[in-house]
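Residue numbers for the sequence shown follow our numbering, so the first one is -15 and each next one is one higher. Cβ atoms here follow ideal geometry from the backbone N, Cα and C, with glycine treated the same way.
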Amino acid sequence: MAYAAINSLMSIIFRSVKSTGLNLQKYYKKLESMRAIVEKPLKVIGDDLEVLTSLEAKIAALAYRTGDIVGSESRKVLAAKSPISRRIAIWKLHFKMKRAVGRIDSTVKQWIGMLNNEHLEAQNLTLASTSDSALEPENKMVGLENEFEMIQDQLASHISESEIKRGMAYAAITCLMSTVHESMQVTGCNLQSFYEKLESSRTIMEKPRKTTADPREELTSLEAEIIEVACNTEDMVDSESRKILFAETADERINAFWELFFILEQAAECVDSTMKQWMAIWDRYNNTRDQEIQNFSLVDISQHALEMENMMVGHENEFEIIQDQIARGARELEVVSIVGMGGIGKTTLANRIYCDPFIVSRFDIRAKATLSQEHCVRNVLLRLLSSTRGKTDECYEEQDDGQLADRLQKLLKGKRYLVVIDDIWTTEAWDDIKLCFPDCNNGGRILLTTRNVEVAEYASSGKPPYHMRLMNFDESWNLLHKKVFEKEYFSPEFEKIGKRIASKCGGLPLAIAVIAGLLSKMGKALDEWQSVAENVSSVVSTNIDVQCMTVLALSYHHLPHHLKPCFLYFAIFPEDELIFVDKLMELWASEGFLKVGEMKSIEEVAKKCLKELIDRSLICIHNLSFDGEIESCWMHDVIRELCLREARNMNFVNVLRAKNGQTPRLQSTHFSSISRVRISVHLARYPDIEVRSIICFSGNWFSELLHFKLVRVLDLTLMRCDRFPSEILDLIHLRYLALTLSPSLCHMQTLIDIPPQICSLCHLETFILSGDWRRGWLYPLILPSEILVMPQLRLLRLDWNYFVYLEPTEKSLVLKNLQYLYGWNPWYCNGSLLFPNLKKLQIRGIGEDFSSCKELYDFRCLDQLEELEFCLAYRNVDAACFLETVTPSGATSQDLLRRLKFSMESTSLPLLPTDDALPHLLLPPPDAFPQRLKKLAFSGTCLQWMDLSIVGKLPKLEVLKLENDACIGDEWEVVDEGFPYLKLLLLERLKIRYWRASCDHFPCLERLFLERCLGLDSIPQDFTDITTLALINVSSCAESVGNSTKQIQQDIQDNYGTSVEVTIVRHVKAKNIYFS
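The following block contains the structure:
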């Protein structure tokens, strides 16, 4: 049935060709391929046979319907009374044929999917020729060679005399360009985008190419198709231009415009498809690939951005948002910015906006230009002027930059204009051209694309830039499916692997396009596809061509010198590693990457560097803290491959893969002034005295440390050490040292002593001593007092600890450079130790540590302290030991050992303390706190709610966090003046039920977070009158809390006309987050 219907349709097409003289060869060949498939005898039974029968009926119905279309439209071609009407009828026939044959093709693909293994021959028939987008003409047709040669001779008679004389497609395109340009001048329609596409095609064709063979025979049919398209389009442009010019009503003019736009769009698509085939043929014969061909893209308005067809899959919402911003809004001139990483689709989105018919109809004049990293103002002005006129006037070349700027300004003045500035890199580039765009209150718009948030915010008209997002899984799969699976049939096994591949591309269109190109060339080797799925990022890196890598590398090469090592340093982290910002900044500082001025701290400089990398779309934010600080970040796999490649090229990073499934180690080396990081498996293989940084991910090789006398960075946090490695004491150049100390179960009664010789590491700036969090243990560390005389120590992070006490002296125990101190035992918060520049302090211990000295806290000497945290640990204390009595003053490690009672049953300690289980923390008076304190946190401290009245009196307190039974009691009634300067409040895992407060108690509150306060009934309704409130986040609380939150949001909107961001999450999913 299907065979007969397709055969009938082919006969109709053949008769149409003979009667009309049209070239319908491409459709005939498509149908011939389909007929060969459906004519195969079927050897299936049961349900499969029923499905195939249904598909066969559908194919037949579509074929018969298409036959009717061909007959009808052919008659219109024959009945045309003028050459113009004939051209329109021909175009409509092609358009309807293309759509109808495409539907048949889609159904035949479903047919193939149902065939069993005995029909592999049918499956392997090449359907690339049936692709809707690639209209590939064939030089021969079985059984119709003579007839089609005759028809092509007839087609030649339609070519104008000048075209016959030249005999080249180049001339046909030139004539069409001239016609399009004249139409712009006569009608005022901006057809610049089509003009530029044609100009690009002509440039490709006119370039002389050196080849080892002559491909002219293969190009002949392509030239004929280009000529036919150009001639048909030229006549129709003339026709529709006349309709626009002589339209008596606005509706007639709009209809004619749409018809003209449609005609040119179809023509551009055909020329684009044919030119891609043209370039492919030349590439096959070229010994050296022509860089201009490589950089050519008919639809690209950027000279270096790879924006391939279908790149906009899944970005319809983004298109509508930008379209609305461009087309509507105030009459004042506005700048709309699109920001995103290379290859994410910025240029494609901008180009689609620029050419959108609705946008075109809204503006009197449009212009566009692509900038480069080393921008030239003159070139930009010339491109903008040329884009408005369709060509470059010779007089422009004779004018200076000032005259060109003046001419552009006069051209735009008084008009509603749209200007697209693609790929702008610096604020200086914007300053150089912005004065050329007058604000005439006509609704002018400027659309910028950039990779740099700073540039976008600088240029935008008070509006935040639009950030291009990565695609989600569904969108990624749709794009991959469109590029691979719609062109050829693949069995379900391949689709399953394809989905895995799509999920690993990270949502970057460029990566998906690269993978799609590779898969298209692979054929149907299941094992090869499986290999790609398992190594997506490396496959992308290996197969990404020069142009693709150039797109990404531009972001790196444009970095200032001080940011390049910071970016390359990301190569030391394994793939898909979650990178914690605090650790990253400390590593940067220890490596010497940060240039600190007199007025800025290392932390401020590091944060600025990270923000710049994020703003330049090279690094992505993973998580923000409650107060909006970046806690963790990550790098896209494709960007990471670029990072690794550039680092290797700079001899900064060398990756050596581990063998036998072992986790590789990372080792950083510096030679002279060059920083290099090397990942190795066995450090003993590289006994290089110049190694400067070692970051270990597995193993136990302390003896090998002796080979690396000059090491500056040593990170062993992922190794569990049951002792302090004495070998470290010889590494006197260390600036960064991170250890995880955890005794084995068989050595639980051996305390971990830090030797006094630690003070020999006189250059140490960052010292991190942590317990084994995987076991949930807090194991006491015995610290020597010598650690307090290390002159360069800037950050000290500890777990539960005690000192072998030494009477302090003013000279020896003043750490002038210490700024960050974590895990400090409450025993030593009595004001006897001086840290004049300390900015952050975390006090941590068990209940007995706090209770034994609850009135001894004195922080008045900490003049620079801005952040303070009290953390009382009471779960799994040591997991095998529980402190019974401790009196550290004057004690030795052996004294402490005798006072520690070891018991494997200590895990019976309560998960959360009851009111009587542990003593309550007693806060010191307000004047005992540092006066500069801005952030204060309590965790597990069992304060009484009334104690917070002391906290409220702190003059500069902006952030308060109460977590894990920080306060106990059912009711919190805020008294006195409350918290007059507080901006952020977090309540997490508290047993509070009632919260009594007014807006006067929190007059400056901006952000409120409630998490796992299961008994809380509601948020005080009086918070409606807090005018500064901007965000309320509720997670895993009672439904009544969410309802009160929504009510507050609605009341603020009704009463004040302002909006409050509200997030309510009733169920929290556990996340496996790796903490380093």
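Problem set entry | Cβ neighbours of Ser3 in the same chain (closer than 8 Å, five flanking residues each side left out) | Residue mapping note: residue 3 aligns to position 19 of the sequence shown, counting from 1. Counting only Cβ-Cβ distances below 8 Å, and skipping sequence neighbours, we find Ser58 and Leu62.
For this session: Give the C-beta separation of Leu1061 and Val935 to the nearest angstrom, bearing in mind that I take them to be a contact with Cβ-Cβ under 8 Å.
Result: Look at the range of the chain in this structure, -15 to 1060, and you will see that residue 1061 is not part of it.
For this session: Give the C-beta separation of Ser371 and Lys352 to the nearest angstrom, bearing in mind that I take them to be a contact with Cβ-Cβ under 8 Å.
Result: As a first step, residue 371 must be located in the sequence shown, where it is residue number 387. As a first step, residue 352 must be located in the sequence shown, where it is residue number 368. Contact flag correct, Cβ pair sits at about 5 Å.
Exercise. What does DSSP give as the partner residues of Ala950 in its beta bridges?
Worked result: Walking along the sequence shown from the start, residue 950 turns up at place 966. Assignment of beta-bridge partners to Ala950 by DSSP yields no partner.
Problem set entry | Inter-stretch contact (C-beta, 8 Å, three-pair minimum) for the segment 585 to 597 and the segment 540 to 552 | yes
For this session: Using only alpha-carbon positions, find the residue among Asn633, Phe469 and Leu772 that is nearest to Tyr541.
Result: On the sequence shown, position 557 is the one that residue 541 refers to. According to the sequence shown, residue 541 is His rather than Tyr. The option with the nearest alpha carbon to His541 is Asn633.
For this session: Answer yes or no: do Leu917 and Leu852 have a C-beta to C-beta separation smaller than 7 Å?
Result: Walking along the sequence shown from the start, residue 917 turns up at place 933. Walking along the sequence shown from the start, residue 852 turns up at place 868. Against a cut-off of 7 Å, the Cβ pair of Leu852 and Leu917 comes out as a contact.
Exercise. Hey, would you say Leu229 sits closer than 7 Å to Thr171, going by beta carbons?
Worked result: Walking along the sequence shown from the start, residue 229 turns up at place 245. Walking along the sequence shown from the start, residue 171 turns up at place 187. Closer than 7 Å, so yes.
Exercise. If we count the other Cβ atoms within 10 Å of its Cβ and call it buried at 16 or more, is Tyr1040 buried or exposed?
Worked result: Counted from its first residue, the sequence shown places residue 1040 at position 1056. Exposed.
Problem set entry | CA nearest to the CA of Gln1033, picked from Ser444, Ala1022 and Thr1012 | Locating residue 1033 in the sequence shown gives position 1049, counting from the first residue. It is Thr1012.
For this session: Measure the alpha-carbon distance for Leu946 versus Asn785 and round it to whole angstroms.
Result: Against the sequence shown, residue 946 aligns to sequence position 962. Against the sequence shown, residue 785 aligns to sequence position 801. Between the alpha carbons of Leu946 and Asn785 lies a gap of roughly 24 Å.
Problem set entry | Buried or exposed (CB count within 10 angstroms, at least 16 for buried), Trp242 | Sequence index remark: in the sequence shown, residue 242 carries index 258 (1-based). It counts as exposed.
Problem set entry | Local conformation of Asp621 per DSSP, three classes | Within the sequence shown, the letter at position 637 stands for residue 621. Asp621 falls in the helix class under three-state DSSP.
For this session: Mind checking who Tyr12 pairs with in its DSSP beta bridge?
Result: Walking along the sequence shown from the start, residue 12 turns up at place 28. Answer by DSSP bridge pairing: none, since Tyr12 is not bridged.
For this session: Could you please give the first and the last residue of the uninterrupted beta strand (DSSP E) stretch that includes Val437?
Result: Residue mapping note: residue 437 aligns to position 453 of the sequence shown, counting from 1. Segment Val437 to Ala443 is the alpha helix (DSSP H) holding Val437; no beta strand (DSSP E) there.
Exercise. Going by the CB atoms, is the gap between Ala497 and Cys489 shorter than 7 Å?
Worked result: For the purposes of this step, residue 489 is identified with residue 505 of the sequence shown, where counting begins at 1. For the purposes of this step, residue 497 is identified with residue 513 of the sequence shown, where counting begins at 1. Cβ atoms of Cys489 and Ala497: not closer than 7 Å.
Exercise. So what's Glu770 in DSSP terms, helix, strand or just coil?
Worked result: Indexing the sequence shown from 1 puts residue 770 at position 786. In the structure shown, Glu770 sits in a helix (DSSP, three-state: H, G or I).
Exercise. How big is the Cα-Cα spacing for Ile(-10) and Thr91?
Worked result: Numbered from its first residue, the sequence shown carries residue -10 at position 6. Numbered from its first residue, the sequence shown carries residue 91 at position 107. Cα-Cα distance, rounded: 13 Å.
Exercise. In or out: Glu147 buried (at least 16 other Cβ within 10 Å) or exposed?
Worked result: Here residue 147 is taken as the residue at index 163 of the sequence shown, counted from 1. The predicted model places Glu147 with a pLDDT of 32, which falls under 50 and marks its position as unreliable; any figure quoted below should be read in that light. Counting Cβ neighbours within 10 Å, Glu147 comes out buried, since at least 16 surround it.
Problem set entry | Close-in-space but distant-in-sequence residues of the same chain around Lys467 (CB under 6 Å, 5 per side omitted) | Taking the sequence shown and counting its residues from 1, the one referred to as residue 467 is at position 483. So the list reads Ala500, once near-sequence residues are dropped.
Exercise. For His165, which three-state DSSP category applies?
Worked result: As a position in the sequence shown, residue 165 is number 181, starting the count at 1. Note: His165 maps to helix in three-state DSSP.
Problem set entry | Residue closest to Ser539, alpha-carbon to alpha-carbon, out of Glu955, Asn436, Asn607 and Phe457 | Translated into positions along the sequence shown, residue 539 becomes position 555. Here the closest residue by C-alpha is Asn436.
For this session: Count the other CB atoms, across all protein chains shown, that sit within 10 Å of the CB of Cys360; report buried if there are 16 or more and exposed otherwise.
Result: Taking the sequence shown and counting its residues from 1, the one referred to as residue 360 is at position 376. Answer is exposed; the Cβ neighbour count stays below 16.
For this session: Could you name the residues that DSSP lists as bridge partners for Phe551?
Result: Counting from one through the sequence shown, the residue named residue 551 turns up at place 567. In the DSSP output, where bridge partners are listed per residue, Phe551 has none listed.
Problem set entry | Given 8 Å, three or more beta-carbon pairs between the segment 423 to 440 and the segment 306 to 326 | yes
For this session: Give the straight-line distance between the Cα atoms of Trp572 and Ile343, rounded to the nearest whole angstrom.
Result: Taking the sequence shown and counting its residues from 1, one reaches residue 572 at position 588. Taking the sequence shown and counting its residues from 1, one reaches residue 343 at position 359. Each residue's Cα considered, the two are about 47 Å apart.
Exercise. Over what stretch of residues does the beta strand (DSSP E) that includes Lys919 continue unbroken?
Worked result: Counting from 1 along the sequence shown, the entry for residue 919 is found at position 935. Start and end: Lys919 to Ser923.
Problem set entry | Separation of Tyr442 from Asp599, as counted between CA atoms | Position 615 of the sequence shown, counted from the start, is the residue given in the question as residue 599. Position 458 of the sequence shown, counted from the start, is the residue given in the question as residue 442. If you take the alpha carbons of Asp599 and Tyr442, they lie about 12 Å apart.
Exercise. How would you write the range of the alpha helix (DSSP H) that Asn335 sits in, first residue to last?
Worked result: Walking along the sequence shown from the start, residue 335 turns up at place 351. Asn335 -> alpha helix (DSSP H) spans Lys330 to Cys339.
Exercise. In the structure shown, what three-state DSSP assignment does Gly86 receive?
Worked result: Locating residue 86 in the sequence shown gives position 102, counting from the first residue. In the structure shown, Gly86 sits in a helix (DSSP, three-state: H, G or I).
Problem set entry | Simplified DSSP assignment, three categories, for Leu944 | Your numbering for residue 944 matches position 960 in the sequence shown. Leu944: strand per DSSP, three-state reduction.
Problem set entry | Rounded straight-line distance, which links the Cα of Thr724 to that of Ile771 | Translated into the one-based positions of the sequence shown, residue 771 becomes position 787. Translated into the one-based positions of the sequence shown, residue 724 becomes position 740. One C-alpha to the other measures close to 17 Å.
For this session: Can you have a look at Asp960 and say buried or exposed, based on whether 16 or more other CB atoms are within 10 angstroms of its CB?
Result: Position 976 of the sequence shown, counted from the first residue, corresponds to residue 960. Exposed, because fewer than 16 other Cβ atoms sit within 10 Å of the Cβ of Asp960.
For this session: In angstroms with no decimal places, state the Cα-to-Cα distance between Leu905 and Gln928.
Result: Position 921 of the sequence shown, counted from the start, is the residue given in the question as residue 905. Position 944 of the sequence shown, counted from the start, is the residue given in the question as residue 928. Cα-Cα distance, rounded: 9 Å.
For this session: Would you tell me roughly how many angstroms separate the C-alpha atoms of Gln9 and Phe(-2), rounded to the nearest one?
Result: On the sequence shown, position 25 is the one that residue 9 refers to. On the sequence shown, position 14 is the one that residue -2 refers to. Taking the straight line joining both Cα atoms gives about 9 Å.
Exercise. How many Å lie between Lys60 and Glu209 at the Cα?
Worked result: Indexing the sequence shown from 1 puts residue 60 at position 76. Indexing the sequence shown from 1 puts residue 209 at position 225. The alpha-carbon atoms of Lys60 and Glu209 are separated by roughly 22 Å.
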